[in-house]
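Numbering (this note's numbering), first residue to last: 1 to 280.
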Ligand SMILES: [Zn+2]
């Protein structure tokens, strides 16, 4: 948390407010956000940069500047961004940074657990930095069953763990992996490398559908996530399995079960998502 749908929701909401604007003043109050660099040094580097585009890769928010440099923001567990007209930000003990834009508005970064990061990269560093950490973008055309199959081939880890690995597919986390596996009717503990082509096709479609459902409802607000205007997301109201232990499966009525998989609490339907090895 937040995962791809939450980061994409933030991107869509912030884009019209920041593209073309200049970072006039930057205040970074938490050295953990930018370490190993000094907050004052990073602020000084950021001031005067003009935003060319706001992109996303996996769970990273990518602020691209006209200079070619990039600010990579990762929200980790509890990071969130708020956009407000000048002077309208209230007090917030968990605020870690504020960017004042040249139209007088503020972009504030809040993070309760303080695991989030701001990384300023030089133009030549960006592609390599992301390529080493991330697999394909699941909502792009290039994400196919064949590609996913290549990423999962010969892997003996449980499907759940393989999909949490950002190098398999970028942007999935605990929530949307469970939702996608329910849609694909696959058991979270299935050995990742054993899926046949039919199952891979189902999983590819299911990942897209689960993520699109999250974006359509502006992300999931379980704890700290909210949209840049302060409103909560509503994706949690439509979860099929995540957090629903004991409730009836919306497909078959069997109570949803909770187990541990990939080191994480995992929800699934024991009837729809049978553990069955495919014999090839
Ligand atoms: Zn079911």
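We put the CB at the ideal spot given by N, CA and C, even for glycine.
Beta carbon of residue i nearer than 7 Å to that of residue j
i, j, result
"residue 35", "residue 53", "no"
"residue 276", "residue 158", "no"
"residue 56", "residue 8", "yes"
"residue 107", "residue 83", "yes"
"residue 233", "residue 3", "no"
"residue 109", "residue 81", "yes"
"residue 24", "residue 102", "yes"
"residue 21", "residue 98", "no"
"residue 76", "residue 115", "yes"
Coarse secondary structure for residue i, derived from DSSP in three states
i, result
"residue 191", "strand"
"residue 278", "Residue placement at residue 278 cannot be trusted, given a pLDDT of 45 that sits under 50; what the coordinates show is reported in the next sentence. Residue 278 falls in the coil class under three-state DSSP."
"residue 139", "coil"
"residue 42", "helix"
"residue 222", "coil"
"residue 100", "strand"
"residue 109", "strand"
"residue 17", "helix"
"residue 82", "strand"
"residue 28", "strand"
"residue 236", "helix"
"residue 54", "strand"
"residue 266", "strand"
"residue 144", "coil"
"residue 261", "strand"
"residue 119", "strand"
"residue 60", "strand"
"residue 94", "coil"
"residue 9", "helix"
"residue 73", "strand"
Alpha-carbon spacing of residue i relative to residue j, whole angstroms
i, j, result
"residue 145", "residue 51", "36 Å"
"residue 194", "residue 163", "14 Å"
"residue 240", "residue 134", "27 Å"
"residue 245", "residue 221", "18 Å"
"residue 137", "residue 47", "31 Å"
"residue 216", "residue 207", "14 Å"
"residue 100", "residue 169", "34 Å"
"residue 11", "residue 86", "20 Å"
"residue 32", "residue 175", "26 Å"
"residue 131", "residue 39", "26 Å"
"residue 113", "residue 171", "20 Å"
"residue 242", "residue 67", "42 Å"
"residue 267", "residue 43", "42 Å"
"residue 181", "residue 198", "14 Å"
"residue 188", "residue 153", "16 Å"
"residue 90", "residue 230", "12 Å"
"residue 214", "residue 165", "20 Å"
"residue 78", "residue 128", "26 Å"
"residue 104", "residue 191", "53 Å"
"residue 227", "residue 236", "14 Å"
"residue 151", "residue 250", "30 Å"
Contact test: residue i Cβ vs ligand 1 heavy atom, cutoff 6 Å
i, result
"residue 254", "yes"
"residue 274", "no"
"residue 251", "yes"
"residue 271", "yes"
Same chain, Cβ closer than 6 Å to residue i, neighbours up to 5 away in sequence not counted
i, result
"residue 119", "72"
"residue 202", "184"
"residue 29", "96"
"residue 209", "183"
"residue 6", "219 and 225"
"residue 161", "262"
"residue 204", "145 and 148"
Heavy atom of ligand 2 within 6 Å of residue i beta-carbon
i, result
"residue 154", "Ligand 2 is absent from the structure shown, which contains only ligand 1."
Residues near residue i by beta carbon distance below 7 Å, same chain, minus five either side
i, result
"residue 142", "136"
"residue 70", "62, 63, 64, 121 and 126"
"residue 139", "208 and 211"
Sequence-distant residues of its chain with Cβ nearer than 8 Å to residue i (five each side left out)
i, result
"residue 254", "248, 269, 270, 271 and 272"
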